[in-house]
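Number of protein chains: 2
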Amino acid sequence: MSGESDTTEKMTAALRKAGIRVTRQRIALLGVLADADDHPDAVELHERAKLIEPSVSLATVYRTLSVLEEGGVVHRHAFQGGGARFETTHEEHHDHILDVDTGEVIEFQSDKIEQLQDEIARDLGYEVVHHRLELYCRKTR
Amino acid sequence: MSGESDTTEKMTAALRKAGIRVTRQRIALLGVLADADDHPDAVELHERAKLIEPSVSLATVYRTLSVLEEGGVVHRHAFQGGGARFETTHEEHHDHILDVDTGEVIEFQSDKIEQLQDEIARDLGYEVVHHRLELYCRKTR
DNA sequence: AATAAGAATGATAACGATTCTCAAAGATAA
DNA sequence: TTATCTTTGAGAATCGTTATCATTCTTATT
């Protein structure tokens, strides 16, 4: 039996793997991110991280998010209104539907759209470095 | 022969048509927007408007841009990095390619992509209210 | 385990883009 | 022309985020 939680070990390993120095704050924040199945902003992540590691400051949350982003561990999204929101990098690329009434975020993926994007760019003499596709939607009921 | 410029008359008419009160500042800003073939931000629009009407303040530029947006006269875009950028509402809807090296903005339009978006949303029980599609690209040479 | 060197941290100031406040000036309709 | 209501300029305030800096912590090396 170890004194360290399973999550701590996992996050430590993940940080080392990404070549990022391991600190209590980073373990806490990465744990929070791994647990989140929504797309929280920095302030929300700060709230959650404080429950695990009360000393984390908002400045460190922002700094760590940038570090994790550079390390390819998280993605930053700048949806309309409010600040940036984050999610851990998982399997395949996806885009987002945003429910304009509830603020809920749904992920989707379409090879067809990706192909069309490449095609359009190519025809204009460009290649796509990255893109942003957000559908602001309302539930049809 | 009129003492008023042709542009002034046109902008005045456009404002009245949109049900927006006519002021010197608004005429100037709308004239600048109509002339712009790029996608300037508020500060840039302020610079240009001051050449026509030196008294315009940045606050009024922001206020007027919101009014014009509500009136459907201009569109506001929040591209990555920096502040919002604006363009007059012209003919058909379009999306944007952004040259990541030069900052240049190219417009494009694809019915196919629009259709696919609607389809994807529909399948998930949503209808698209509006969307954001930006391709961050590099010239292939 | 002790250490040295560099990196990360918390607190808070600073920042850029945008909005708000409020008294003064202006536009519109009667 | 007047009365009413809107818009304006100047600057303060706000929001999300980044920078500063002295202190604390990680890490690699003993």
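Chains A and B are the protein sequences, given in the same order. So for the first sequence, this note's numbering puts the first residue at 5; every next one is plus one. So for the second sequence, this note's numbering puts the first residue at 5; every next one is plus one. Glycine included, each C-beta is placed from N, C-alpha and C at the ideal position.
- Sequence-distant Cβ neighbours of Met15/A in its own chain, meaning closer than 6 angstroms and more than five residues away, are Ile31, Leu34, Gly35.
- A straight line joining the alpha-carbon of Leu19/B with that of Val78/B spans about 12 angstroms.
- A distance below 7 angstroms between beta-carbons, with the five flanking residues on each side excluded, links Arg28/A to the following residues of its chain, in chain order: Glu57.
- According to the DSSP assignment, Val132/A belongs to the beta strand (DSSP E) that extends over 130-143.
- Rounded to whole angstroms, Phe112/A and Leu62/B show a C-alpha spacing of 40 angstroms.
- For Glu111/B, the beta-bridge partners assigned by DSSP are His100/B.
- Here the stretch 45-54 of chain A makes no contact with the stretch 97-109 of chain A; the two share fewer than three CB pairs at distances below 8 angstroms.
- Within 10 angstroms of the beta-carbon of Arg89/B lie 16 or more other beta-carbons, which makes it buried.
- Close CB contacts of Val26/B within its chain, under the 8 angstroms cut and outside five residues either way in sequence, are with Thr16, Leu19, Arg20 (chain order).
- Using a 10 angstroms sphere on the CB of Arg145/A, the tally of other CB atoms stays under 16, which defines it as exposed.
- Along the stretch 58-92 of chain A, the beta strand (DSSP E) occurs as fully enclosed runs of 3 or more residues at 78-81, 89-92, listed in sequence order.
- The beta carbons of Tyr140/A and Arg142/B sit no closer together than 9 angstroms.
- The three-state reading of DSSP puts Asp105/B in coil, since its state is none of H, G, I, E or B.
- Pairing Gln119/A with Arg136/B gives a Cβ-Cβ distance that is not under 9 angstroms.
- For Thr12/A, the uninterrupted alpha helix (DSSP H) run begins and ends at 10-21, by DSSP.
- The Cβ atoms of Val132/B and Asp122/B sit closer than 9 angstroms to each other.
- Around the beta carbon of Thr93/A, a 10 Å sphere encloses fewer than 16 other beta carbons of the protein chains shown; the residue is thus reported as exposed.
- Taking all protein chains shown into account, His100/B has 16 or more neighbouring C-beta atoms within 10 Å of its C-beta and is therefore buried.
- Using a 10 angstroms sphere on the CB of His97/A, the tally of other CB atoms stays under 16, which defines it as exposed.
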